[in-house]
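Asks: For what it's worth, this note's numbering labels the leading residue of the sequence shown as 378, then goes sequentially. Every residue gets a Cβ at the ideal spot worked out from N, C-alpha and C, and that includes glycine. Have a look at the structure that comes next, please.
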Amino acid sequence: MLEPTVHTAPVQTPVQAPVPMAAEYFQSYSVVGLLAVVGVLFVAVAFGAGRLLRPVVPTPEKLLTYECGVDPVGEGWAHTQVRYYVYAFLYVIFAVDSIFLFPWATVFAAPGYGGTTLVEMFIFLGFLAVGLLYAWKKGVLEWT
(Lines of atoms letter the chains of each structure in order from A and count residues from 1; the text may use other names and numbers.)
(Lines give C-alpha, C1' and ligand atoms only; values in the text may rest on other atoms or scores of the structure.)
Protein backbone atom coordinates (compact mmCIF):
# COMPACT_ATOMS: atom_id res chain seq x y z
CA MET A 1 0.00 0.00 0.00
CA LEU A 2 1.24 3.44 -0.85
CA GLU A 3 1.55 5.83 1.91
CA PRO A 4 0.44 9.36 1.29
CA THR A 5 3.26 11.88 1.14
CA VAL A 6 2.93 15.00 3.12
CA HIS A 7 4.18 18.12 1.45
CA THR A 8 5.32 20.75 3.87
CA ALA A 9 6.27 24.25 2.96
CA PRO A 10 9.94 25.03 3.40
CA VAL A 11 10.77 26.96 6.53
CA GLN A 12 11.55 30.53 5.65
CA THR A 13 14.00 32.44 7.77
CA PRO A 14 13.44 36.15 8.08
CA VAL A 15 15.54 37.91 5.47
CA GLN A 16 17.21 41.08 6.58
CA ALA A 17 17.58 43.81 4.05
CA PRO A 18 21.23 44.05 3.07
CA VAL A 19 22.94 47.23 4.17
CA PRO A 20 24.33 48.96 1.13
CA MET A 21 28.07 49.34 1.19
CA ALA A 22 27.74 53.04 0.41
CA ALA A 23 25.84 53.58 3.65
CA GLU A 24 28.64 51.97 5.66
CA TYR A 25 31.19 54.00 3.75
CA PHE A 26 29.49 57.34 4.34
CA GLN A 27 28.66 56.47 7.93
CA SER A 28 32.36 56.50 8.75
CA TYR A 29 32.64 59.95 7.18
CA SER A 30 29.72 61.27 9.19
CA VAL A 31 31.95 61.20 12.28
CA VAL A 32 34.57 63.24 10.42
CA GLY A 33 31.91 65.70 9.25
CA LEU A 34 30.49 66.05 12.74
CA LEU A 35 33.98 66.70 14.13
CA ALA A 36 34.58 69.35 11.45
CA VAL A 37 31.30 71.10 12.31
CA VAL A 38 32.15 71.05 16.03
CA GLY A 39 35.60 72.49 15.24
CA VAL A 40 34.16 75.30 13.11
CA LEU A 41 31.58 76.10 15.80
CA PHE A 42 34.30 76.15 18.46
CA VAL A 43 36.38 78.64 16.48
CA ALA A 44 33.32 80.79 15.67
CA VAL A 45 32.27 80.92 19.34
CA ALA A 46 35.83 81.78 20.41
CA PHE A 47 36.09 84.65 17.91
CA GLY A 48 32.60 85.90 18.79
CA ALA A 49 33.38 85.86 22.51
CA GLY A 50 36.64 87.69 21.88
CA ARG A 51 34.85 90.37 19.87
CA LEU A 52 32.17 90.82 22.55
CA LEU A 53 34.51 90.87 25.55
CA ARG A 54 37.43 92.96 24.32
CA PRO A 55 37.65 96.67 25.09
CA VAL A 56 37.40 98.95 22.07
CA VAL A 57 39.24 102.21 22.73
CA PRO A 58 40.81 103.46 19.49
CA THR A 59 43.60 106.00 19.95
CA PRO A 60 45.93 107.54 17.36
CA GLU A 61 48.81 105.47 18.71
CA LYS A 62 46.87 102.24 18.27
CA LEU A 63 46.08 103.14 14.66
CA LEU A 64 49.78 103.46 13.70
CA THR A 65 51.45 100.75 11.67
CA TYR A 66 53.31 98.36 13.98
CA GLU A 67 56.87 97.54 12.94
CA CYS A 68 58.47 95.37 15.61
CA GLY A 69 58.26 98.01 18.30
CA VAL A 70 59.96 100.72 16.23
CA ASP A 71 58.07 103.83 15.16
CA PRO A 72 57.59 103.82 11.38
CA VAL A 73 59.93 106.37 9.81
CA GLY A 74 60.43 107.12 6.13
CA GLU A 75 58.72 105.58 3.15
CA GLY A 76 56.77 102.39 3.40
CA TRP A 77 58.27 101.06 0.17
CA ALA A 78 61.64 99.33 0.26
CA HIS A 79 63.50 97.70 -2.61
CA THR A 80 63.80 93.95 -2.14
CA GLN A 81 66.08 91.65 -4.10
CA VAL A 82 63.99 89.37 -6.30
CA ARG A 83 66.63 86.63 -6.41
CA TYR A 84 65.72 85.52 -2.90
CA TYR A 85 62.19 84.80 -4.04
CA VAL A 86 63.40 83.06 -7.18
CA TYR A 87 65.58 80.70 -5.15
CA ALA A 88 62.74 80.04 -2.73
CA PHE A 89 60.37 79.40 -5.64
CA LEU A 90 62.82 77.00 -7.30
CA TYR A 91 63.28 75.18 -3.99
CA VAL A 92 59.53 74.78 -3.54
CA ILE A 93 59.14 73.50 -7.09
CA PHE A 94 61.85 70.85 -6.70
CA ALA A 95 60.79 69.90 -3.17
CA VAL A 96 57.20 69.34 -4.26
CA ASP A 97 58.31 67.47 -7.35
CA SER A 98 60.53 65.21 -5.29
CA ILE A 99 57.44 64.19 -3.31
CA PHE A 100 56.15 62.58 -6.52
CA LEU A 101 59.14 60.25 -6.50
CA PHE A 102 57.86 58.30 -3.47
CA PRO A 103 54.59 57.02 -5.00
CA TRP A 104 56.50 56.27 -8.18
CA ALA A 105 58.96 54.14 -6.24
CA THR A 106 56.15 52.10 -4.69
CA VAL A 107 54.46 51.50 -8.04
CA PHE A 108 57.81 50.73 -9.69
CA ALA A 109 58.35 47.93 -7.15
CA ALA A 110 54.97 46.33 -7.98
CA PRO A 111 55.18 43.48 -10.50
CA GLY A 112 54.12 44.33 -14.03
CA TYR A 113 54.50 48.11 -13.79
CA GLY A 114 58.27 48.48 -14.08
CA GLY A 115 58.75 49.50 -17.70
CA THR A 116 55.77 51.83 -17.91
CA THR A 117 56.53 53.70 -14.72
CA LEU A 118 60.20 53.95 -15.62
CA VAL A 119 59.32 55.69 -18.90
CA GLU A 120 56.85 57.97 -17.13
CA MET A 121 59.43 58.94 -14.52
CA PHE A 122 62.05 59.74 -17.13
CA ILE A 123 59.53 61.99 -18.90
CA PHE A 124 58.79 63.69 -15.57
CA LEU A 125 62.48 64.13 -14.78
CA GLY A 126 63.00 65.42 -18.32
CA PHE A 127 60.47 68.20 -17.70
CA LEU A 128 62.28 69.08 -14.47
CA ALA A 129 65.63 69.10 -16.25
CA VAL A 130 64.28 71.37 -19.02
CA GLY A 131 62.95 73.80 -16.38
CA LEU A 132 66.26 73.81 -14.53
CA LEU A 133 68.18 74.30 -17.79
CA TYR A 134 65.88 77.19 -18.70
CA ALA A 135 66.50 78.85 -15.31
CA TRP A 136 70.24 78.32 -15.69
CA LYS A 137 70.33 79.78 -19.25
CA LYS A 138 68.34 82.83 -18.09
CA GLY A 139 70.98 83.45 -15.40
CA VAL A 140 68.56 83.02 -12.54
CA LEU A 141 70.89 80.68 -10.66
CA GLU A 142 73.84 83.11 -10.64
CA TRP A 143 74.32 84.89 -7.34
CA THR A 144 75.85 88.31 -8.15
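1. Scan the region 407 to 483 and note each continuous alpha helix (DSSP H) run of 4 residues or more that stays entirely inside, going in chain order.
2. Could you tell me the boundaries of the alpha helix (DSSP H) in which Trp-513 lies?
3. Which class does Ala-486 belong to by DSSP, given the choice of helix, strand or coil?
4. According to DSSP, is Glu-401 part of a helix, a strand, or is it coil?
5. Report yes or no: do three or more beta-carbon pairs, one from the region 427 to 435 and one from the region 473 to 488, lie closer than 8 Å?
6. Expressed to the nearest angstrom, what Euclidean distance is found between the alpha-carbon atoms of Leu-429 and Ala-421?
7. Any contact of the region 457 to 470 with the region 482 to 500, i.e. 3+ C-beta pairs under 8 Å?
8. Hey, would you say Val-517 sits closer than 8 Å to Val-450, going by beta carbons?
Replies: Walking through what the data contain:
1. 459 to 476
2. 491 to 514
3. helix
4. helix
5. no
6. 12 Å
7. no
8. no
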